[in-house]
Structure formats: C-alpha cells, structure tokens
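Q: Structure below; questions to follow.
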Amino acid sequence: MKGSVPMSTRTKERDAEVLVEDVLQRKVFRGSQVVAGHGGLIFPMHWIHILEVSEVSHMLDGGEMVLTTGAGFYGDEQKFLSYVTQLIDVHAAALCIELGSFVKEVPQSVVELANQHNFPIIIFPHQVRFVDITQDIHTYLVQHRNRVHSDWAARFVEEQRFVEQVLQNNLPHTQLEGSVIDRGTLAYRVMVLTISHPSSATVPTSLHTYDLVQTIRATFARLQIRPLLALRHATILFILEYSLHPQGVDIHQRILTGFNDLSTFLVKRGLDVSQVRAGVGSETKQLSEVFLSHEEALATLLIAQQRSDHLPVQFYELAGIYRWMESFSELPSIQHLIDQDIGSLLLHDKKYHTNLLQTLKVYLDCDRSKQQTADQLFIHRQTLYHRLEQIQTLIHGSLDNPAQRLSIQLSLYAHLFHTGRESETSDGK
Numbered sequence: 246m247k248g249s250v251p252m253s254t255r256t257k258e259r260d261a262e263v264l265v266e267d268v269l270q271r272k273v274f275r276g277s278q279v280v281a282g283h284g285g286l287i288f289p290m291h292w293i294h295i296l297e298v299s300e301v302s303h304m305l306d307g308g309e310m311v312l313t314t315g316a317g318f319y320g321d322e323q324k325f326l327s328y329v330t331q332l333i334d335v336h337a338a339a340l341c342i343e344l345g346s347f348v349k350e351v352p353q354s355v356v357e358l359a360n361q362h363n364f365p366i367i368i369f370p371h372q373v374r375f376v377d378i379t380q381d382i383h384t385y386l387v388q389h390r391n392r393v394h395s396d397w398a399a400r401f402v403e404e405q406r407f408v409e410q411v412l413q414n415n416l417p418h419t420q421l422e423g424s425v426i427d428r429g430t431l432a433y434r435v436m437v438l439t440i441s442h443p444s445s446a447t448v449p450t451s452l453h454t455y456d457l458v459q460t461i462r463a464t465f466a467r468l469q470i471r472p473l474l475a476l477r478h479a480t481i482l483f484i485l486e487y488s489l490h491p492q493g494v495d496i497h498q499r500i501l502t503g504f505n506d507l508s509t510f511l512v513k514r515g516l517d518v519s520q521v522r523a524g525v526g527s528e529t530k531q532l533s534e535v536f537l538s539h540e541e542a543l544a545t546l547l548i549a550q551q552r553s554d555h556l557p558v559q560f561y562e563l564a565g566i567y568r569w570m571e572s573f574s575e576l577p578s579i580q581h582l583i584d585q586d587i588g589s590l591l592l593h594d595k596k597y598h599t600n601l602l603q604t605l606k607v608y609l610d611c612d613r614s615k616q617q618t619a620d621q622l623f624i625h626r627q628t629l630y631h632r633l634e635q636i637q638t639l640i641h642g643s644l645d646n647p648a649q650r651l652s653i654q655l656s657l658y659a660h661l662f663h664t665g666r667e668s669e670t671s672d673g674k
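Quick note on our numbering: the sequence shown kicks off at 246 and runs consecutively.
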C-alpha cells in the first residue's frame with residue numbers, strides 16, 4: 246500500500262509529470278470536492294479509466310485516476326472498502342465518485358482508509374458526463390507528454406553536443422572551468438556501448454530514445470553515477486561522473502551492475518543482447534582529459550567485441566596484454582612474427598584437427614604448472630606431457646627461455662585476438 250510519508254518530504258520536483266492536483270484545475274472538474282487523501286494530490290497520474298466492477302486490481306497498472314458511480318459496490322460498505330483497498334494496493338492515483346443513485350456519501354471508514362494512505366477521493370455532488378471527463382483528460386495528458394518530450398529533446402540535443410565536444414577535446418577552456426563543480430571530489434570515465442551488432446546502421450527502432458535515455462539515467466543514478474550521453478548510430482557514448490569517495494561497492498562493480506540492468510531493460514524490449522558490448526576507459530579527475538578516456542574506451546570496446554567468451558564489458562586498466570594488441574596490429578611484421586613463433590603449431594592443428602594451441606595457452610596462463618594445466622584441461626598429466634613434447638617440436642623457441650617464452654605468449658595472444666578465435670580454443674586436444 247502507499248505509505249503515509251509526511252507531506253513535508255514530498256515536493257513537485259519538476260513539470261515533467263501531471264499530478265492529481267493539476268487535473269483538478271481542469272474545467273471538467275469544476276464543482277468537484279476532495280473528501281479524503283489530500284496528501285496524495287501531489288502524486289503523479291498517467292491515465293484515467295472508468296471502472297464499474299468490484300474487482301479492479303487486475304485491470305490497472307498504477308498511476309490511473311479511476312471514475313465510478315459506485316455501481317460495483319452499491320449498498321455494501323465492505324465492498325466499498327475492498328474497492329478502495331485494491332486501488333491503493335496497485336498504486337492508482339485517485340478515485341472520483343459521482344454521488345447519486347449508487348453512492349449517497351462516502352462512508353467514514355473509507356475516508357479514514359484513504360487518509361491513512363494519502364489516497365485522494367474526489368466526489369462530484371452532481372451528475373457529470375464521464376465521457377467528457379475522460380476525453381478532456383486524455384487530450385490534456387497527451388498534449389502535456391508531447392510538450393515535455395519536445396522540451397526534453399531540445400535539452401538532449403544540447404547535452405549530446407556538449408558530450409561530443411568533450412570527447413573530441415573541442416570544449417572551450419572557459420566552459421570546461423564552469424563544468425566542474427569540485428575537482429577534489431569528482432572523477433570521470435568514458436564508456437562506449439554498442440547496442441546492436443556493429444553492422445547495424447542505427448539504434449533499433451523498437452527503442453524510443455526518450456525511454457532509453459531516461460532508463461539509463463535512472464539506472465546509473467541508483468548507483469550514484471551521473472551519465473552524460475550522446476547517441477551515435479548504433480553506439481551510446483557515456484561520460485560517467487561519480488564521487489571519488491563512494492560508499493560501498495567499487496566503481497567497476499557499479500558500472501557492471503548498471504550495464505546488466507540496462508541489458509535487462511533491452512531484453513524486455515525484445516532485443517537480443519548477445520551482441521551488446523561496452524568498453525570503459527580509465528579514470529580521470531579532469532574533464533579536460535576525458536577525451537583520453539574516450540580513446541581508451543574505443544580500444545577497449547574492440548577488445549570486448551573480439552573476446553566473445555569473456556565479459557561483455559571490458560575496462561581498459563584491467564584488459565592486460567590486450568591493451569597492446571592495437572599497437573601490435575600496426576606493425577607490418579606482426580603476422581611474420583606470429584608465423585615464426587607458432588606458425589607450425591597452427592598448421593598442425595589445422596591439418597590434424599587438434600587443439601595444441603589451447604594446451605599451450607592454458608599451460609602458459611597457469612605459469613607452466615603442469616598439475617593446474619591438466620586439471621583445467623581435464624586430462625591426465627601423462628597426456629599433458631605428450632602434448633608438451635609435441636608443442637616444443639612445433640614452436641620456434643624454448644619455453645624454458647624467459648625472453649623466447651614471452652615472445653611465444655605474445656604471438657599466441659595476438660593470433661587469438663586478431664582472428665577472434667579465443668572462444669574456439671576451449672577443449673584442448
């Protein structure tokens with residue numbers, strides 16, 4: 246049920262929502278009287294319905310103003326109480342009753358119940374045309390919503406322009422100075438998120454921009470993160486602003502939670518989130534350096550897209566050797582180095598349908614611990630010894646030589662990264 250929160254704690258935060266008290270100012274409510282639940286007049290309402298049956302909870306989603314003549318509970322105070330209780334339980338906005346043939350007055354027990362839960366009950370002492378009321382309020386709600394969305398869209402255009410300027414390092418110095426409230430307490434990161442497959446041209450049309458952006462804001466606000474956003478085709482750009490002295494969960498986990506909650510929203514909208522990936526740049530305390538976090542986020546997004554068997558969100562500072570891959574790919578000799586170190590091994594795997602590459606990867610990842618390697622591959626140690634002998638004859642260099650071993654490991658990771666085959670090397674043979 247609605248809690249009886251003190252009036253002093255409830256305020257009209259913005260004009261984005263229509264409140265019950267706003268609707269009562271309409272001409273069609275002239276002559277109406279509020280007989281209970283005055284504290285709930287500042288609650289928002291989203292729609293208006295006529296309900297003349299006694300069981301109503303399954304017919305409402307919450308936020309509705311309900312009109313009735315009382316036919317559904319005529320002459321039965323307990324049914325009247327049940328009717329109002331159902332409305333309170335589903336968080337309806339208010340109840341409007343036409344006094345007359347079915348209800349002469351609102352019983353004191355109903356008034357007390359409504360007052361207890363700040364649930365407004367409005368009466369029409371005279372006969373009214375519900376069709377006129379619903380038509381007027383429906384039109385008012387739609388026009389208000391359209392005006393709010395139009396105002397919001399204009400503000401969001403400005404926000405996107407600001408975000409793009411910051412990410413491109415084109416924001417005037419004076420504007421940068423005015424954008425920072427307290428450099429000693431705030432930090433920034435950039436997250437770049439692809440909301441659909443990279444081949445898609447735009448954000449899926451099933452997503453309304455307003456709903457998407459508002460969901461993102463609410464999701465990250467719960468995690469004490471303020472997102473500044475820009476939409477770029479199938480990509481969402483985030484400047485994440487947060488306190489340097491948070492309480493509780495660290496920033497990595499908070500961002501992951503936000504990403505997962507956003508993914509849940511996308512699933513509910515019918516989207517396949519298996520292709521959703523995000524890269525997060527490292528932290529900076531200066532808004533003027535956010536463009537560097539953006540560059541890191543773009544590089545990390547590529548890592549997230551390539552490493553399909555890992556978390557869909559990758560953080561730059563936690564990406565390890567993969568941060569080097571973009572630089573390595575620019576070397577004209579990188580493929581030659583890969584071929585020289587592990588080329589024969591790759592050819593052997595292809596020819597004989599083996600996966601010695603995975604055995605080598607796990608062995609090196611386990612710091613050459615044979616027991617850990619055998620356990621991870623679910624094989625006997627004797628089988629592992631045989632594979633390692635094969636591997637040593639196929640690779641260029643010795644696994645016992647630190648410099649050569651490092652070169653082999655770099656070549657292995659470079660090959661997996663650039664071929665996107667990391668998820669395929671999962672069952673060493």
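Beta carbons: idealized from backbone N, C-alpha and C, even for Gly.
Following the continuous beta strand (DSSP E) through residue 524, name the residue where it begins and the one where it ends.
A: For residue 524, the uninterrupted beta strand (DSSP E) segment begins and ends at 522-525.
Q: How would you call residue 396, buried or exposed, if buried means at least 16 neighbouring beta carbons within 10 angstroms?
A: exposed
Q: Count the other CB atoms within 10 Å of the CB of residue 557; is the residue buried (16 or more) or exposed (fewer)?
A: So residue 557 counts as buried.
Q: Let's see if you can read the secondary structure: which residues bound the beta strand (DSSP E) around residue 471?
A: 470-477
Q: Going by other Cβ atoms of all chains shown within 10 Å of its Cβ, with 16 needed for buried, is residue 630 buried or exposed?
A: exposed
Q: What would DSSP say about residue 659, mapped onto helix, strand or coil?
A: helix
Q: Relative to the C-alpha of residue 563, which candidate in 614, 573 and 546 has its C-alpha closest?
A: 546
Q: With a threshold of 16 other CB atoms inside 10 Å of the CB of residue 331, please say whether the residue is buried or exposed.
A: Within a 10 Å sphere around the beta-carbon of residue 331 sit 16 or more other beta-carbons, which makes this residue buried.
Q: Report yes if the CB atom of residue 468 is closer than 8 Å to the CB atom of residue 502, and no otherwise.
A: yes
Q: What residues match up with residue 638 in a beta bridge as DSSP calls it?
A: Beta-bridge pairing links residue 638 to no other residue.
Q: Given this structure, state the Cα-to-Cα distance separating residue 364 from residue 338, to the nearest angstrom.
A: 7 Å
Q: Which same chain residues end up closer than 8 Å to residue 427 when comparing Cβ atoms and leaving out the 5 residues on each side of it in sequence?
A: Note on residue 427: pLDDT 48, under 50, position unreliable in the model; no value is reported.
Q: If you follow the alpha helix (DSSP H) that residue 379 is in, where does it begin and where does it stop?
A: 375-412
Q: Going along the chain, which unbroken runs of the beta strand (DSSP E) with 3 or more residues stay wholly within the region 316-358?
A: Segments of the beta strand (DSSP E) lying fully in the region 316-358: 339-343.
Q: Could you check what DSSP says for residue 725 in three-state terms: helix, strand or coil?
A: A query on residue 725 cannot be resolved here, the shown segment of the chain reaching from 246 to 674 and no further.
Q: Work out the CA separation of residue 314 and residue 495 for me, nearest whole Å.
A: Answer to the nearest angstrom: the Cα atoms are 55 Å apart.
Q: By the 10 Å Cβ neighbour count, where 16 or more other Cβ atoms means buried, how is residue 592 classified, buried or exposed?
A: exposed
Q: Could you give the C-beta distance for residue 440 and residue 481, rounded to a whole number, given that I count them as a contact under 8 Å?
A: 6 Å
Q: With distances taken Cα to Cα, identify the nearest neighbour of residue 384 among 351, 438 and 268.
A: 268
Q: Could you check the C-alpha separation between residue 544 and residue 571 for me, to the nearest Å?
A: 7 Å
Q: Determine the DSSP secondary structure at residue 313, reduced to helix, strand or coil.
A: strand
Q: I'd like the list of long-range same chain contacts for residue 607, defined as Cβ closer than 8 Å, with 5 residues on each side in sequence excluded.
A: 618, 621, 622 and 673
Q: Looking at the unbroken beta strand (DSSP E) that takes in residue 488, where does it start and where does it end?
A: 480-488
Q: DSSP three-state call for residue 261: helix, strand or coil?
A: Coil.
Q: Here's the rule: buried if 16 or more other CB atoms are within 10 angstroms of the residue's CB, otherwise exposed. What is residue 413?
A: Counting the other CB atoms within 10 Å of its CB gives residue 413 a total below 16, which places it among the exposed residues.
Q: Please report the straight-line C-alpha distance between residue 464 and residue 328, rounded to a whole angstrom.
A: 34 Å
Q: Assign residue 552 to one of two classes, buried (16 or more other C-beta atoms within 10 Å of its C-beta) or exposed (fewer than that).
A: buried
Q: Apart from the five residues just before and just after residue 369, which ones in its own chain have a Cβ nearer than 6 Å to its Cβ?
A: 277 and 343
Q: Kindly indicate which three-state DSSP category residue 648 falls into: helix, strand or coil?
A: helix
Q: Return the CA-CA distance between residue 466 and residue 510, expressed in angstroms with no decimal places.
A: The C-alpha of residue 466 lies about 15 Å from the C-alpha of residue 510.
Q: Can you tell me the Cβ-Cβ gap for residue 457 and residue 521, rounded? I've got them flagged as a contact below 8 Å.
A: The pair is not a contact, with the Cβ atoms about 13 Å apart (cut-off 8 Å).
Q: Using 8 Å as the threshold, is the C-beta distance between residue 525 and residue 559 below it?
A: yes
Q: Thinking residue 372 and residue 345 are a contact (beta carbons under 8 Å), I'd like their distance in whole angstroms, please.
A: Contact between residue 372 and residue 345 is confirmed by a C-beta separation of about 6 Å, below the 8 Å threshold.
Q: From residue 362 to residue 334, what distance separates their C-alpha atoms?
A: 10 Å
Q: Measure from the alpha carbon of residue 499 to the alpha carbon of each residue in 536, 470 and 638, then state which is nearest.
A: 470
Q: With residue 558 as the anchor, note down where its beta strand (DSSP E) starts and where it stops.
A: Its beta strand (DSSP E) spans residues 558-560.
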